[in-house]
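**Q** Quick note, the sequence shown lines up with residues 1 to 396 if you use the UniProt record's numbering.
The beta-carbon is built from N, C-alpha and C at its ideal position, and this holds for glycine as well.
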Amino acid sequence: RLSYLAFMEARDGGGSKKTREVSTLVLPSDIIFFKVLTRLPVKSLLRFKSVSKSWYSTISHKSFAKAHLTFSQTHPSLCIGSAMSRFYNKILLSANDKEEEDQGLANFIGHLPNRRKIRYVSESLNGLICLVFKDYTVKLCNPSTKELTAELPPIVDAPHSHSHSSSSNTRLFYSFGFDPVTDTYKILSSLDDYKAGIVEHRVYTLGSGLWRPIHGDGGGCVQHCIPLSETTERICLNGVIYFLTRTRDGTSMMVSFDVGEEKFCVIPLPPEGARSRFQFLFQWSGCPAISLFFDNIIRMWILKDKVWIEDSIVLPSSLDGKLFWFLGIIHTGEVLLVTEYSISNSHTFCYHPERQIVRRVEISTLPKEIGFFGFFFPDLKISTHTESLLSLSNIN
Numbered sequence: 001r002l003s004y005l006a007f008m009e010a011r012d013g014g015g016s017k018k019t020r021e022v023s024t025l026v027l028p029s030d031i032i033f034f035k036v037l038t039r040l041p042v043k044s045l046l047r048f049k050s051v052s053k054s055w056y057s058t059i060s061h062k063s064f065a066k067a068h069l070t071f072s073q074t075h076p077s078l079c080i081g082s083a084m085s086r087f088y089n090k091i092l093l094s095a096n097d098k099e100e101e102d103q104g105l106a107n108f109i110g111h112l113p114n115r116r117k118i119r120y121v122s123e124s125l126n127g128l129i130c131l132v133f134k135d136y137t138v139k140l141c142n143p144s145t146k147e148l149t150a151e152l153p154p155i156v157d158a159p160h161s162h163s164h165s166s167s168s169n170t171r172l173f174y175s176f177g178f179d180p181v182t183d184t185y186k187i188l189s190s191l192d193d194y195k196a197g198i199v200e201h202r203v204y205t206l207g208s209g210l211w212r213p214i215h216g217d218g219g220g221c222v223q224h225c226i227p228l229s230e231t232t233e234r235i236c237l238n239g240v241i242y243f244l245t246r247t248r249d250g251t252s253m254m255v256s257f258d259v260g261e262e263k264f265c266v267i268p269l270p271p272e273g274a275r276s277r278f279q280f281l282f283q284w285s286g287c288p289a290i291s292l293f294f295d296n297i298i299r300m301w302i303l304k305d306k307v308w309i310e311d312s313i314v315l316p317s318s319l320d321g322k323l324f325w326f327l328g329i330i331h332t333g334e335v336l337l338v339t340e341y342s343i344s345n346s347h348t349f350c351y352h353p354e355r356q357i358v359r360r361v362e363i364s365t366l367p368k369e370i371g372f373f374g375f376f377f378p379d380l381k382i383s384t385h386t387e388s389l390l391s392l393s394n395i396n
């Protein structure tokens, strides 16, 4: 309990001052922990574990971690994953996206835990990130606590190996998802032997200790459900993983995977979006969306209630003459753009289309060697990130 003593000055008959205690305020433990401490950053809470055994027990408890996450989700930041394309190394940056701040967006967190080379970094889900290493082993990471799980067990019952891409004819992909209904995290393994025309899928539920095949035909479209490439964006919204793919005849489309029901669904793209090979997948107001970006015009198709709704954003004239990479629309409603090929002096621009306000935000902490031979390679991954105390040992 936390006590607060209030004092009052009074004068006795002789005019001299005398101090006396008038009240004592006692805060119950649940108020301290769940109304006060849940508002603190993870770094501070990790230090406070050493205050006492009871503090350690409470802060380590899953219910406290969930309460902290609930508050943290109302104050999100950005998670920026960047690839050193030549070496498969990844770094993370925590981005301050406050609209009133003009500069200093990105703060370097450091290299991801474990020095092994990394192929793929997922988006941040409840503050957790899935890592796929060069040898196709998979781990889960909490950047806030620097916690890293052990390797997920290998798949031993599949006709073709999901543990590594042993042939130049095979491609192996992993997707990270969360089902809010059952509060479970799952990893989808997808193996494509395009020479043999074989596609296999397995699902790993964190905490189960084993991989399971997709039951039945996974919704009748398993043969199409492979991301375009290792770096193809995969996003998880409301318990559904989305990614873009292309059939063997070259037709572009979107695929969804229901994390809870473990079923695939093919979603045809709007005609103009399907014809292009330069679609970009992102989330907009809790919905999946694709975009095409040419001549300072961002054309978007947003999937709402299974219907594609077209929209567009015209960038202001103040941004004319610059070459951009469109990185998505963040939770503040701003368009996130990175300009210039040279990573050493690149800048991020945030443009709010409704307010028609442009902010220039400097990313000064990106190492010069990121990119391909010193030039910007479009492998930056931007996702909304919330600090999390969730313990991977409690999940896995």
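For Pro288, does the three-state DSSP call read helix, strand or coil?
**A** Indexing the sequence shown from 1 puts residue 288 at position 288. If DSSP states are grouped into helix, strand and coil, Pro288 belongs with the strands.
**Q** Report all residues from its chain with a CB closer than 6 Å to the CB of Asp311; omit the five preceding and five following residues, and keep chain order.
**A** Here the question's residue 311 lines up with position 311 in the sequence shown. Cβ within range, chain order: Met300.
**Q** Short of 6 Å in beta carbon distance, which residues of its chain neighbour Val240, apart from the five on each side in sequence? Order them along the chain.
**A** Within the sequence shown, the letter at position 240 stands for residue 240. Cβ within range, chain order: Ser256, Asp258.
**Q** Should Pro316 go down as buried or exposed, given a rule of 16 or more other Cβ atoms within 10 Å for buried?
**A** In the sequence shown, residue 316 corresponds to position 316, counting from 1. Exposed.
**Q** For Arg212, report the span of its beta strand (DSSP E) as first-last.
**A** For this step, residue 212 is matched to residue 212 along the sequence shown. First-last of the beta strand (DSSP E) with Arg212: 211–213.
**Q** By a C-beta neighbour count over all protein chains shown, 10 Å radius and 16 as the cutoff for buried, is Thr74 buried or exposed?
**A** For the purposes of this step, residue 74 is identified with residue 74 of the sequence shown, where counting begins at 1. Its Cβ having fewer than 16 others within 10 Å, Thr74 is exposed.
**Q** Just to confirm, is the Cβ distance from Cys225 to Thr251 under 8 Å?
**A** The residue given as residue 225 occupies position 225 in the sequence shown. The residue given as residue 251 occupies position 251 in the sequence shown. Their beta carbons are not under 8 Å apart, which means Cys225 does not touch Thr251 by this criterion.
**Q** If we ignore side chains and look at the alpha-carbon of each, how far apart do Pro213 and Asn169 end up?
**A** On the sequence shown, position 213 is the one that residue 213 refers to. On the sequence shown, position 169 is the one that residue 169 refers to. Pro213 and Asn169: Cα-Cα distance of roughly 21 Å.
**Q** Which whole runs of the beta strand (DSSP E) in the UniProt domain "F-box" (27–68) are 3 residues long or more, in chain order?
**A** Segments of the beta strand (DSSP E) lying fully in the UniProt domain "F-box" (27–68): there are none.
**Q** Where Asn382 and Ile198 are concerned, what is the direct C-alpha to C-alpha distance, given to the nearest angstrom?
**A** To locate residue 382, count along the sequence shown from 1; it is residue 382. To locate residue 198, count along the sequence shown from 1; it is residue 198. Per the sequence shown, residue 382 should be read as Ile rather than Asn. Between Ile382 and Ile198, the C-alpha separation is close to 32 Å.
**Q** Grouping DSSP H, G and I as helix and E and B as strand, with all else coil, what is Asn296?
**A** Within the sequence shown, the letter at position 296 stands for residue 296. Coil, per DSSP.
**Q** Relative to the C-alpha of Asp192, which residue among Pro180, Ser208, Glu230 is closest?
**A** Position 192 of the sequence shown holds residue 192. Considering only alpha carbons, the answer is Glu230.
**Q** Over what stretch of residues does the alpha helix (DSSP H) that includes Leu392 continue unbroken?
**A** In the sequence shown, counting from the first residue as 1, residue 392 sits at position 392. Its alpha helix (DSSP H) spans residues 392–395.
**Q** Between Thr384 and Ser124, is the Cβ-Cβ spacing less than 8 Å?
**A** Counting from one through the sequence shown, the residue named residue 384 turns up at place 384. Counting from one through the sequence shown, the residue named residue 124 turns up at place 124. Cβ atoms of Thr384 and Ser124: closer than 8 Å.
**Q** By the DSSP assignment, the beta strand (DSSP E) with Pro268 in it spans what residues?
**A** Numbered from its first residue, the sequence shown carries residue 268 at position 268. Here the beta strand (DSSP E) through Pro268 covers 263–268.
**Q** Count the other CB atoms, across all protein chains shown, that sit within 10 Å of the CB of Ile155; report buried if there are 16 or more and exposed otherwise.
**A** Working through the sequence shown from its first residue, we reach residue 155 at position 155. So Ile155 ends up on the buried side.
**Q** Indicate whether His68 and Leu389 have their beta-carbon atoms separated by less than 8 Å.
**A** Position 68 of the sequence shown, counted from the first residue, corresponds to residue 68. Position 389 of the sequence shown, counted from the first residue, corresponds to residue 389. Yes, Cβ-Cβ distance for His68 and Leu389 is below 8 Å.
**Q** With a 10 Å radius around its C-beta and 16 neighbouring C-beta atoms as the bar for buried, classify Phe294 as buried or exposed.
**A** Locating residue 294 in the sequence shown gives position 294, where the first residue counts as 1. Result: exposed.
**Q** Assign Leu210 to buried or exposed, taking buried as 16 or more other Cβ atoms, counted over all protein chains shown, within 10 Å of its Cβ.
**A** In the sequence shown, counting from the first residue as 1, residue 210 sits at position 210. Exposed, by the Cβ-count rule.
**Q** Could you tell me how far apart the beta carbons of Arg47 and Phe71 are, in whole angstroms, since I believe they sit closer than 8 Å?
**A** Counting from 1 along the sequence shown, the entry for residue 47 is found at position 47. Counting from 1 along the sequence shown, the entry for residue 71 is found at position 71. In fact, because the Cβ distance is near 18 Å, the residues do not count as touching under 8 Å.
**Q** Are Leu319 and Val358 close, meaning C-beta to C-beta below 8 Å?
**A** One-based indexing of the sequence shown puts residue 319 at position 319. One-based indexing of the sequence shown puts residue 358 at position 358. Yes, the pair counts as a contact, with Cβ atoms nearer than the cut-off.
**Q** What is the DSSP secondary structure of residue 425, reduced to helix, strand or coil?
**A** The shown model of the chain, from 1 to 396, leaves out residue 425, and the question about it has no answer.
**Q** Between which residues of its own chain and Thr149 is the CB-CB distance below 7 Å, once the five residues before and five after are set aside?
**A** Position 149 of the sequence shown, counted from the first residue, corresponds to residue 149. These residues qualify, in order along the chain: Lys139, Leu140, Leu392, Asn396.
**Q** Can you give me the start and stop residues for the beta strand (DSSP E) that Val138 sits inside?
**A** The residue given as residue 138 occupies position 138 in the sequence shown. DSSP places Val138 in the uninterrupted beta strand (DSSP E) bounded by 138–142.
**Q** Taking Cβ to Cβ, would you say Leu237 is nearer than 8 Å to Pro288?
**A** As a position in the sequence shown, residue 237 is number 237, starting the count at 1. As a position in the sequence shown, residue 288 is number 288, starting the count at 1. Taking 8 Å as the Cβ cut-off, Leu237 and Pro288 qualify as a contacting pair.
**Q** Can you give me the C-alpha to C-alpha distance between Asn296 and Pro270, rounded to a whole angstrom?
**A** Reading the sequence shown from its first residue, position 296 is the one you call residue 296. Reading the sequence shown from its first residue, position 270 is the one you call residue 270. Answer to the nearest angstrom: the Cα atoms are 21 Å apart.
**Q** What does the Cβ neighbour count give for Leu279, buried or exposed, with the cut at 16 atoms within 10 Å?
**A** Stepping through the sequence shown from its first residue, residue 279 is reached at position 279. Checking the displayed sequence, the identity of residue 279 turns out to be Gln instead of Leu. Label assigned to Gln279: buried.
**Q** Just the C-alpha distance for Pro76 and Glu387, rounded to the nearest angstrom, thanks.
**A** Position 76 of the sequence shown, counting from 1, holds the residue named residue 76. Position 387 of the sequence shown, counting from 1, holds the residue named residue 387. So the two alpha carbons sit approximately 8 Å from each other.
**Q** Buried or exposed, going by whether 16 or more other CB atoms sit within 10 Å of the CB of Asp179?
**A** On the sequence shown, residue 179 is found 179 positions in, with the first residue counted as 1. By the neighbour-count rule (16 or more Cβ atoms within 10 Å), Asp179 is buried.
**Q** For a quick check, are the C-beta atoms of Ile235 and Gln283 less than 8 Å apart?
**A** On the sequence shown, residue 235 is found 235 positions in, with the first residue counted as 1. On the sequence shown, residue 283 is found 283 positions in, with the first residue counted as 1. Yes, the Cβ-Cβ distance between Ile235 and Gln283 is below 8 Å.
**Q** So, with DSSP's three-state summary, where would you put Ser229?
**A** As a first step, residue 229 must be located in the sequence shown, where it is residue number 229. Residue state, collapsed to three classes: coil.
**Q** Please report the distance separating the alpha-carbon of Leu152 from that of Cys350.
**A** Here residue 152 corresponds to residue number 152 of the sequence shown, with the count starting at 1. Here residue 350 corresponds to residue number 350 of the sequence shown, with the count starting at 1. Rounded to the nearest angstrom, the two C-alpha atoms are 38 Å apart.
**Q** Just to check, is the beta-carbon of Ile187 closer than 7 Å to a non-hydrogen atom of the ligand GDP?
**A** As far as ligands go, the structure on display features none, and thus does not contain the ligand GDP.
**Q** Report yes if the C-beta distance between Gly260 and Val203 is below 8 Å; otherwise report no.
**A** Along the sequence shown, one-based indexing puts residue 260 at 260. Along the sequence shown, one-based indexing puts residue 203 at 203. For Gly260 and Val203, no; Cβs fall outside 8 Å.
**Q** Would you kindly work out how many angstroms separate the C-alpha atoms of Val307 and Gly286, rounded to a whole number?
**A** The residue given as residue 307 occupies position 307 in the sequence shown. The residue given as residue 286 occupies position 286 in the sequence shown. Cα-Cα distance, rounded: 14 Å.
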